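Peer 1: Those letters in the sequence shown? Residues 13 to 438, per my numbering, in order. C-beta atoms are modelled at their ideal positions from N, C-alpha and C, and glycine is treated no differently. Since the structure is predicted, the reported quantities are computational estimates derived from the model, not experimental observations. The following block contains the structure, expressed as structure tokens.
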Amino acid sequence: MRMPIHEPRPDAEQLAVVLVGLPARGKSYIARKIGRYLAWLGWSTRSFNVGAYRRERLGSHHREAFFSPDNVEGRRQREAMATQALGDLVDWMQAGGEVGIYDATNTTRARRDRIRAELAGAGVQTLFIESVCEDPALIEANIRETKLSSPDYAGVDADVAVADFRARIAHYERAYEPLGEGETSYVKFIDAGRRLEVEGLRGYLPGKILSFLMNTHLKRRPLWLTRHGESLYNVAGRIGGDPSLSALGQAYAVQLATFMRLRVGQRAPVVFTSTLTRTRQTARHLSGPPGGPEAGPALPPPVAWRLLDEIDAGVCDGMTYEEIAEQLPAEFRARQADKLRYRYPRGESYVDVIHRLEPVILELERQRKPVLVVAHQAVIRALYGYFKDLAPEDCPHLPVPLHTVIELRPGPYGLDEQRFTLIEEP
Ligand code: F6P
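Okay, structure coming up:
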């Protein structure tokens with residue numbers, strides 16, 4: 013199990029996030045988003061999906077009749093899968109896991125009571141998250157976008173699969189008891205986040221999850237990430253500082269404006285930069301000339317955000333890596349040994365950068381418009397690591413070349429990524 017990198021807490025918290033809701037209500041999507049967010053912040057997090065247990069252990073051939081509450085054998089088998097997944101979650105938490113996510117329908121009160129009791133017996137706090145959605149268009153979209161590509165319907169005609177899935181939902185509806193009277197510690201996430209209902213929420217992690225749910229939504233839009241153009245420090249091999257762009261870096265600023273204006277289409281993105289000269293110079297043509305009307309409409313003026321400033325190299329600011337190795341060899345070696353946790357004397361570590369970027373992540377989750385972020389190597393690595401659901405350990409080593417725009421388009425199963433190199437490395 014990875015060593016946690018989250019901020020130390022006065023009391024060790026172990027939390028099970030238990031999803032509740034009818035099929036096709038976006039439970040797994042919510043589960044994945046919460047898992048990704050907490051894992052990125054350094055909490056050891058694991059998801060246990062009962063549907064995946066069923067497919068792995070019983071096969072993926074089950075049609076709607078299997079899910080009927082009147083199907084005694086089906087019910088027994090489904091209960092067995094739910095029990096196994098919960099048992100594995102409890103075992104994992106007893107081995108030191110911090111956030112276990114139990115992704116299943118859990119639509120009956122009896123089932124939830126059993127879950128609550130078992131988790132309490134293991135000393136684990138429970139937070140229920142019920143996804144409620146009555147909007148037929150959202151349900152239809154969810155079935156078509158996620159269920160048709162499920163292994164359950166491999167090779168089945170789309171309309172037949174949709175009809176079968178609707179019948180499956182109807183079986184669950186017959187037995188469905190929403191969270192309510194007498195139940196506690198829950199959030200109802202209603203109509204894809206348009207409304208939230210909260211009951212008896214306590215603790216640090218539930219509070220964090222709530223603020224995340226309040227910001228997130230299901231609307232899809234692209235995100236573009238880029239480092240600034242080449243700076244005079246990049247040319248000299250120096251880190252940190254507040255240098256201006258080199259001539260090549262300035263050429264990238266022009267190319268970026270042309271590229272983005274053609275790329276964004278009708279929906280103008282929000283543009284964020286850091287407060288440092290090199291990102292502001294890189295973004296400066298986005299909202300004005302050059303380019304002309306044939307290069308598409310200008311973008312709104314960038315918003316400069318200090319949270320997006322580069323990792324603070326402390327006493328090493330302005331040095332080359334060779335100088336650090338020569339003058340501060342112990343520091344150099346310590347960073348090589350653990351680049352994620354290593355903190356520059358009077359500066360920052362990658363862990364610090366990740367934690368300071370948390371409000372940026374919430375803002376990116378909250379934004380409904382497309383977003384372009386013009387920032388720095390360490391910062392782009394940390395943001396990219398979040399969106400790609402990468403282990404924090406991997407973030408400090410990710411390749412993020414200069415003069416390249418990374419385009420991320422979120423979808424139900426992760427992200428489509430495209431990279432555009434506007435100027436080849438010299
Ligand atoms: O070299 C450019 C730079 O942005 C420096 O300012 C910063 O210290 C460094 O990259 C971060 O990369 P790494 O963590 O690999 O040293």
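Does the distance from the C-beta atom of residue 169 to that of residue 76 stay below 8 Å?
Peer 2: Result no, Cβ atoms of residue 169 and residue 76 do not sit closer than 8 Å.
Peer 1: At what residues does the alpha helix (DSSP H) containing residue 368 begin and finish?
Peer 2: Counting along the chain, the alpha helix (DSSP H) containing residue 368 begins and ends at 362-368.
Peer 1: What are the start and end residues of each continuous alpha helix (DSSP H) run of 4 or more residues lying completely inside the stretch 27-57, in chain order?
Peer 2: Complete alpha helix (DSSP H) runs here, min 4: 39-52.
Peer 1: Does the separation of the CB atoms of residue 30 and residue 118 fall below 8 Å?
Peer 2: A contact, by the Cβ cut-off of 8 Å.
Peer 1: Residue range of the beta strand (DSSP E) that residue 200 falls in?
Peer 2: It spans 198-202 - the beta strand (DSSP E) in which residue 200 sits, taken as one unbroken run.
Peer 1: In the DSSP output, which residue or residues are listed as bridge partners for residue 384?
Peer 2: Residue 384 is bridged to 236, 283.
Peer 1: Determine the DSSP secondary structure at residue 276, reduced to helix, strand or coil.
Peer 2: In this structure, residue 276 counts as coil in the three-state DSSP scheme.
Peer 1: Measuring only between beta-carbons, confirm whether residue 32 sits less than 8 Å from chain B.
Peer 2: The structure shown has no chain B; it contains just one protein chain.
Peer 1: Quick check: what's the CA-CA separation for residue 145 versus residue 324?
Peer 2: Approximately 45 Å, taken between the alpha carbons.
Peer 1: Count the CB pairs spanning the stretch 345-361 and the stretch 307-321 that are closer than 8 Å, and state whether there are at least three.
Peer 2: Counting Cβ pairs under 8 Å, fewer than three are found: no touch.
Peer 1: Would you mind stating whether residue 457 and residue 227 have Cβ atoms separated by less than 8 Å?
Peer 2: The question about residue 457 has no answer here: the residues shown for the chain are numbered 13 through 438.
Peer 1: Taking Cβ positions, are residue 399 and residue 419 nearer each other than 8 Å?
Peer 2: The answer is no: Cβ separation not under 8 Å.
Peer 1: Let me check understanding here. Comparing Cα to Cα, which of 34, 319, 273, 298 lies closest to residue 147?
Peer 2: Nearest C-alpha to residue 147: 34.
Peer 1: Could you name the residues that DSSP lists as bridge partners for residue 113?
Peer 2: The partner list for residue 113 (beta bridge, DSSP) reads 29, 59.
Peer 1: Judging by CA-CA distance, which residue of 81, 382, 165, 54 is the nearest neighbour of residue 278?
Peer 2: Among 81, 382, 165, 54, the Cα nearest to that of residue 278 belongs to 382.
Peer 1: Would you be able to state if there are at least three C-beta pairs under 8 Å between the stretch 150-159 and the stretch 119-138?
Peer 2: No: the two stretches stay apart, fewer than three of their Cβ pairs being nearer than 8 Å.
Peer 1: Between residue 335 and ligand 1, is there a pair consisting of the residue's CB and a ligand heavy atom that are separated by less than 7 Å?
Peer 2: Answer for residue 335: no, Cβ out of range of ligand 1.
Peer 1: Just mark residue 300 as buried or exposed, buried being the case when its beta carbon has 16 or more other beta carbons within 10 Å.
Peer 2: Residue 300 is exposed by the Cβ-count criterion.
Peer 1: When DSSP builds the beta bridges, which residues end up paired with residue 211?
Peer 2: 198, per the DSSP bridge assignment.
Peer 1: Closer than 8 Å is the cut-off here; do at least three beta carbon pairs connect the stretch 66-84 with the stretch 244-256?
Peer 2: Because the criterion of three Cβ pairs below 8 Å is not met, the stretch 66-84 and the stretch 244-256 do not touch.
Peer 1: What does a CB cutoff of less than 8 Å around residue 136 pick up in its chain, not counting 5 residues either side in sequence?
Peer 2: Hits under 8 Å: 26, 27, 28, 102, 105, 112.
Peer 1: May I ask you to report which of helix, strand or coil DSSP gives residue 421?
Peer 2: Correct three-state label for residue 421: strand.
Peer 1: Determine the burial state of residue 286: buried for a count of at least 16 other Cβ atoms within 10 Å of its Cβ, exposed for fewer.
Peer 2: Answer is buried; the Cβ neighbour count reaches 16.
Peer 1: Just confirm the distance between the C-beta atoms of residue 204 and residue 47, as a whole number of angstroms; I'd bet it's less than 8 Å.
Peer 2: Between residue 47 and residue 204 the Cβ distance is about 18 Å, and since that is not below 8 Å, they are no contact.
Peer 1: Going by DSSP, what residues sit across from residue 250 in a beta bridge?
Peer 2: In DSSP, residue 250 forms a bridge with 332.
Peer 1: Apart from the five residues just before and just after residue 392, which ones in its own chain have a Cβ nearer than 6 Å to its Cβ?
Peer 2: So the qualifying residues of the chain are 237, 239, 412.
Peer 1: Considering only the beta carbon of each residue, do residue 213 and residue 225 sit closer than 8 Å?
Peer 2: No, the pair does not count as a contact, with Cβ atoms beyond the cut-off.
Peer 1: Taking 7 Å as the cut-off, is the beta-carbon of residue 154 closer than that to any non-hydrogen atom of ligand 1?
Peer 2: No, the beta carbon of residue 154 sits no closer than 7 Å to any heavy atom of ligand 1.
Peer 1: With which residues is residue 139 paired in a DSSP beta bridge?
Peer 2: Paired residue(s): 29.
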